[in-house]
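Numbering (the working numbering), first residue to last: 80 to 378.
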């Protein structure tokens, strides 16, 4: 494994999540304008910005290294920040990829046929999870005297085979749990992906400005997911019917063309809407329609 490049005063140490979010994070950085490459034999991705020094760290550990200053900032889940009881600065939320465009949930689940119907039925029972501290906090808040143990993986199998009475597991829709014969009893917590910063680094004017710039580009790339730009020309007499076709809350940019009586429109829409909308716009009188991909949408 090659050594990490030496950092300088003008270099931001950034932690990128290794594991399930790694590929999606690299794609996000590339869309944000950073050419990022990860070698199979290295934990130090290369980024075409000399002011960024990146290292791959498991999301579960990220907040600890950001809190103690080994990293200036990093990308991780809000769940792991809570699990580590980390005191970090939250720069911005970055909901994307497997963590979708909504919060994911850590849920308390039991076999479908289990007699456990509510959290208090877990008194004296065993719960397996990777999110041990958050689950223990939940039990304390609900005054449930249950045993919480760490699970290295295959958590669904442990409860299905009777090794434990319940599990706390991450889910988006609950479909995987239902497929494994499990039933959700309660939601322990919700989580989104976060860009976090070391509190001392955040007070450094140069580092803060760099992190704010990074946040702007990353959130712009997230906002552009599933969106496309649409350009079209339309005669003024057809403008009302064209505007009626455009999705609600999508205010187009309208400009006059050099040819009298003609207008140019530009709008950002959901990509899935484009295939149905473009033929309708053409029938309504639009011409010169151009659909183009978007890398970033900055509010």
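Each residue gets a CB set at the ideal place from its N, CA and C atoms; glycine is no exception. Computed from a predicted model, the values in this text were never measured in an experiment.
Point to revise | Residue span of the alpha helix (DSSP H) that contains residue 197, given as start and end | key: Indexing the chain shown from 1 puts residue 197 at position 118. Neither: residue 197 is in no alpha helix (DSSP H) and is coded neither H nor E.
Review point. DSSP state of residue 216, grouped into three classes?
Key: Position 137 of the chain shown, counted from the first residue, corresponds to residue 216. Of the three classes helix, strand and coil, the one that applies to residue 216 here is helix, per DSSP.
Point to revise | residue 158 versus residue 271 - alpha carbon distance | key: Here the question's residue 158 lines up with position 79 in the chain shown. Here the question's residue 271 lines up with position 192 in the chain shown. Using only the alpha carbons, I get a separation of about 8 Å.
**Study point:** Inter-residue spacing [alpha-carbon to alpha-carbon] between residue 86 and residue 187
**Key:** Here the question's residue 86 lines up with position 7 in the chain shown. Here the question's residue 187 lines up with position 108 in the chain shown. Its pLDDT being 47, under 50, residue 86 is placed unreliably by the model, and the measurement read from it follows with that caveat. Taking the straight line joining both Cα atoms gives about 43 Å.
Check your understanding: Would you call the stretch 280-296 and the stretch 340-356 in contact, with 3 or more CB pairs under 8 Å?
Key -> no
Review point. At which residues does the alpha helix (DSSP H) containing residue 225 begin and terminate?
Key: For the purposes of this step, residue 225 is taken as the residue at position 146 of the chain shown. Segment: none, residue 225 is in no alpha helix (DSSP H) and carries neither H nor E.
Practice item. Whole angstroms is fine: what's the gap from residue 195's alpha carbon to residue 264's? Key: Walking along the chain shown from the start, residue 195 turns up at place 116. Walking along the chain shown from the start, residue 264 turns up at place 185. Cα-Cα distance, rounded: 8 Å.
Practice item. Could you have a look at residue 289 and say whether DSSP puts it in helix, strand or coil? Key: Stepping through the chain shown from its first residue, residue 289 is reached at position 210. Reduced to three states, the DSSP call for residue 289 is helix.
Exercise for review: Return helix, strand or coil for residue 334, following the three-state DSSP convention.
Suggested key: Numbered from 1 along the chain shown, position 255 holds the residue referred to as residue 334. Of the three classes helix, strand and coil, the one that applies to residue 334 here is strand, per DSSP.
Point to revise | Limits of the alpha helix (DSSP H) - the one that residue 389 falls within | key: Summary: the structure shown does not reach residue 389, with the chain confined to residues 80 through 378, and so no result is reported for it.
Review point. Considering only the beta carbon of each residue, do residue 273 and residue 117 sit closer than 9 Å?
Key: Here residue 273 refers to the residue found at position 194 of the chain shown. Here residue 117 refers to the residue found at position 38 of the chain shown. No, they are not a contact pair.
Exercise for review: Work out the CA separation of residue 243 and residue 259 for me, nearest whole Å.
Suggested key: Here residue 259 refers to the residue found at position 180 when the chain shown is read from its first residue. Here residue 243 refers to the residue found at position 164 when the chain shown is read from its first residue. Computed Cα separation, rounded: 15 Å.
Practice item. Along the beta strand (DSSP E) that carries residue 172, what are the first and last residues, could you check? Key: Translated into the one-based positions of the chain shown, residue 172 becomes position 93. 168-172 is the extent of the beta strand (DSSP E) around residue 172.
Review point. Which residues mark the beginning and the end of the beta strand (DSSP E) in which residue 97 is found?
Key: Taking the chain shown and counting its residues from 1, the one referred to as residue 97 is at position 18. Its beta strand (DSSP E) spans residues 91-97.
Practice item. Note down the Cα distance separating residue 103 from residue 341, rounded to an integer number of angstroms. Key: Stepping through the chain shown from its first residue, residue 103 is reached at position 24. Stepping through the chain shown from its first residue, residue 341 is reached at position 262. Cα-Cα distance, rounded: 42 Å.
Review point. Between residue 223 and residue 207, what straight-line distance do the alpha-carbon atoms span, to the nearest angstrom?
Key: Translated into positions along the chain shown, residue 223 becomes position 144. Translated into positions along the chain shown, residue 207 becomes position 128. Spanning the two alpha carbons is a distance of roughly 15 Å.
Review point. Which of the three DSSP states, helix, strand or coil, is assigned to residue 372?
Key: Numbered from its first residue, the chain shown carries residue 372 at position 293. Residue 372 falls in the strand class under three-state DSSP.
Check your understanding: By DSSP, does residue 164 sit in helix, in strand, or in coil?
Key -> As a position in the chain shown, residue 164 is number 85, starting the count at 1. Residue 164 falls in the coil class under three-state DSSP.
Check your understanding: Hey, how far is the Cα of residue 105 from the Cα of residue 300?
Key -> Taking the chain shown and counting its residues from 1, one reaches residue 105 at position 26. Taking the chain shown and counting its residues from 1, one reaches residue 300 at position 221. So the alpha carbons of these two residues sit roughly 12 Å apart.
Check your understanding: Any idea which residues DSSP pairs residue 190 with across the strands?
Key -> Indexing the chain shown from 1 puts residue 190 at position 111. DSSP output for residue 190 lists 261 as bridge partner(s).
Exercise for review: For residue 330, count neighbouring C-beta atoms within 10 Å of its own C-beta (all shown protein chains included) and say buried if the count is 16 or more, exposed if not.
Suggested key: Here the question's residue 330 lines up with position 251 in the chain shown. It counts as exposed.
Check your understanding: Would you report the Cα separation of residue 317 and residue 376, rounded to the nearest angstrom?
Key -> By one-based count along the chain shown, residue 317 stands at place 238. By one-based count along the chain shown, residue 376 stands at place 297. In a straight line, the C-alpha of residue 317 is about 28 Å away from that of residue 376.
Point to revise | Distance CB(residue 167)-CB(residue 283) smaller than 9 Å | key: Walking along the chain shown from the start, residue 167 turns up at place 88. Walking along the chain shown from the start, residue 283 turns up at place 204. No, Cβ-Cβ distance for residue 167 and residue 283 is not below 9 Å.
Exercise for review: Decide yes or no for the touch test of the stretch 298-312 against the stretch 202-220: beta carbon pairs closer than 8 Å, at least 3 of them.
Suggested key: no
Check your understanding: Can you tell me the Cα-Cα spacing of residue 121 and residue 227, whole angstroms?
Key -> Position 42 of the chain shown holds residue 121. Position 148 of the chain shown holds residue 227. Cα to Cα, residue 121 sits roughly 35 Å from residue 227.
Point to revise | residue 143 to residue 240 span [Cα, whole Å] | key: Counting from one through the chain shown, the residue named residue 143 turns up at place 64. Counting from one through the chain shown, the residue named residue 240 turns up at place 161. Roughly 34 Å separates the two Cα atoms.
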